[in-house]
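To start, the structure under review is shown below, and the notes come after it.
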Amino acid sequence: MIKYKLIIVENDEDEQFFMKEGFDVAGVFEIVSQLKNGDALFEWLEEHKPSLPDVILSDLNMPGKNGYDILEGIKADPAYRHIPVIITSTSSAKVMIDRCLKLGASGYMVKPDTFIAYAAFANDLYKLIQEQQLVK
């Protein structure tokens, strides 16, 4: 089984904790960093160009650069545009999902209702990456 290198961009510390816990239980990702917003993501990417992640999972609504900004920035930079970005949010509003996909998101996943469901969420994300062959 391929274990993908993942960056999680999430501003809520509790959410970060439970995401990491669930992803660790699932065991299908190596979390290389957890960052609080798009500003921190782009700093990290600049500092780690030789070891970029396979996938970025980003919250949509955050202070500073949000998920929309991340999509625009990743797709605009030739050094990063190959990295699939999956957006996650508590919202399932079609208008938001469509906007993310139009901006270049490789997928959109609604966050689970409870923190204990993050292992299943991680497995669903893995399945999405595999089925759509997002990582080359």
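In full-length UniProt numbering, the protein residues as written are 1 to 136. Idealized CB from N, CA, C, for every residue including glycine. None of these values were measured; they are calculated from a predicted model.
Quiz item: When the Cα atoms are used, what is the spatial distance from GLU21 to ILE87?
Solution: For the purposes of this step, residue 21 is taken as the residue at position 21 of the sequence shown. For the purposes of this step, residue 87 is taken as the residue at position 87 of the sequence shown. About 19 Å.
Quiz item: Is LYS136 helix, strand or coil by DSSP?
Solution: Taking the first residue of the sequence shown as 1, we reach residue 136 at position 136. Of the three classes helix, strand and coil, the one that applies to LYS136 here is coil, per DSSP.
Quiz prompt | Secondary structure of ILE28, DSSP reduced to three states | solution = The count along the sequence shown starts at 1 and reaches residue 28 at position 28. Reading off the sequence, residue 28 comes out as Val, not Ile. Residue state, collapsed to three classes: coil.
Self-check item: Unbroken beta strand (DSSP E) run spanning LEU6, endpoints
Solution: Here residue 6 is taken as the residue at index 6 of the sequence shown, counted from 1. It spans 4–9 - the beta strand (DSSP E) in which LEU6 sits, taken as one unbroken run.
Quiz prompt | Proximity of ALA93 and PHE29 at Cβ, strictly below 8 Å | solution = Here residue 93 refers to the residue found at position 93 of the sequence shown. Here residue 29 refers to the residue found at position 29 of the sequence shown. Contact: no.
Self-check item: GLY107, DSSP secondary structure in three states
Solution: The residue labelled residue 107 in the question sits at position 107 within the sequence shown. If DSSP states are grouped into helix, strand and coil, GLY107 belongs with the strands.
Self-check item: Inside the segment 74–103 only - beta strand (DSSP E) runs reaching at least 3 residues
Solution: 85–89
Quiz item: Are the Cβ atoms of ASP77 and LYS5 separated by less than 8 Å?
Solution: Walking along the sequence shown from the start, residue 77 turns up at place 77. Walking along the sequence shown from the start, residue 5 turns up at place 5. Taking 8 Å as the Cβ cut-off, ASP77 and LYS5 do not qualify as a contacting pair.
Self-check item: Range of the contiguous beta strand (DSSP E) that encloses LEU57
Solution: The sequence position of residue 57 within the sequence shown is 57, counting from 1. Here the beta strand (DSSP E) through LEU57 covers 55–59.
Quiz item: Does the pairing of the segment 65–84 with the segment 113–127 give three or more beta-carbon distances under 8 Å?
Solution: no
Quiz prompt | Through-space distance from ALA105 to GLY38, alpha-carbon basis | solution = As a working mapping, residue 38 is identified with position 38 in the sequence shown. As a working mapping, residue 105 is identified with position 105 in the sequence shown. Using only the alpha carbons, I get a separation of about 14 Å.
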